[in-house]
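Visitor: Once you've had a glance at the structure underneath, I'll fire off some questions.
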Amino acid sequence: MDQNSALQSLSALSHETRLDAFRLLVRIAPEGLPAGEVGKKLGVVQNTMSAHLAVLARCDLITPHRRGRFIKYTANFKRVRELLLFLMQDCCQGAPEICEPLLETVTCGTSQKG
Numbered sequence: 792m793d794q795n796s797a798l799q800s801l802s803a804l805s806h807e808t809r810l811d812a813f814r815l816l817v818r819i820a821p822e823g824l825p826a827g828e829v830g831k832k833l834g835v836v837q838n839t840m841s842a843h844l845a846v847l848a849r850c851d852l853i854t855p856h857r858r859g860r861f862i863k864y865t866a867n868f869k870r871v872r873e874l875l876l877f878l879m880q881d882c883c884q885g886a887p888e889i890c891e892p893l894l895e896t897v898t899c900g901t902s903q904k905g
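Residue numbers for the sequence shown follow my numbering, so the first one is 792 and each next one is one higher.
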C-alpha cells in the first residue's frame, strides 16, 4: 500500500457513520449486510448509508456483492491487513516485543512467537 492509498482509507474511516458501518461489517464477517440493514442497525436512512458505504467501497475497505436487487457489503480484510502493515512497517526498531501485544490482539491471540 502506498501513502496516498493509506490516506484515502484513513480519511474514509475518519467519519463517525462510516467508522461505525465498517466496524459493524467487521463484527458480522463474513456474512455482510445490504445497505438498508446496515442503515437500520445504525439508525441511518438508506440513501445516506449507501453514500457512506460507497466511500468505503471506493477505498476497497469493504466489498459490494450484488444479490438480486440488493447489494450486500462485506469487510475486506485483505485491505485492512495492508493498511495495518503500512501503519506498522517501521515499528519496533529491532525490538519485536514492543509490537507483540498489538499483534496478539489483532490476530485474536493466534500469533506465533518467533
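We put the beta carbon where it would ideally sit given N, CA and C, even for glycine.
#1: If Ala-812 and Met-840 are in contact, beta carbons under 8 angstroms, what's the gap, nearest whole angstrom?
#2: How many Å lie between Ile-889 and Glu-807 at the Cα?
#3: With Ala-886 as the anchor, note down where its beta strand (DSSP E) starts and where it stops.
#4: Using three-state DSSP, classify Pro-855 as helix, strand or coil.
#5: Taking its Cβ as the centre, do 16 or more other Cβ atoms sit within 10 Å of His-856, making it buried, or is it exposed?
#6: Counting pairs of beta carbons, one from the stretch 859-870 and one from the stretch 813-822, are three or more of them closer than 8 angstroms?
#7: Please say whether Leu-833 and Leu-844 have beta carbons closer to each other than 8 angstroms?
#8: To the nearest angstrom, how far is it from the Cα of Ala-842 to the Cα of Ile-862?
#9: Using only the alpha-carbon positions, how far apart do Gln-884 and Gln-794 sit?
#10: Closest to Arg-858 by CA distance: which of Gly-823, Gly-830, Leu-878, Glu-873 is it?
Guide: So, to answer that:
#1: Contact holds; Cβ gap of about 7 angstroms.
#2: Their Cα atoms are separated by approximately 30 angstroms.
#3: No beta strand (DSSP E) contains Ala-886, which DSSP labels as neither H nor E.
#4: Pro-855 falls in the strand class under three-state DSSP.
#5: It counts as exposed.
#6: The stretch 859-870 vs the stretch 813-822: in contact.
#7: Contact annotation: Leu-844 and Leu-833 have beta-carbon atoms that are not nearer than 8 angstroms.
#8: The C-alpha of Ile-862 is placed about 13 angstroms away from the C-alpha of Ala-842.
#9: Approximately 20 angstroms, taken between the alpha carbons.
#10: Minimum Cα distance to Arg-858 is reached at Gly-823.
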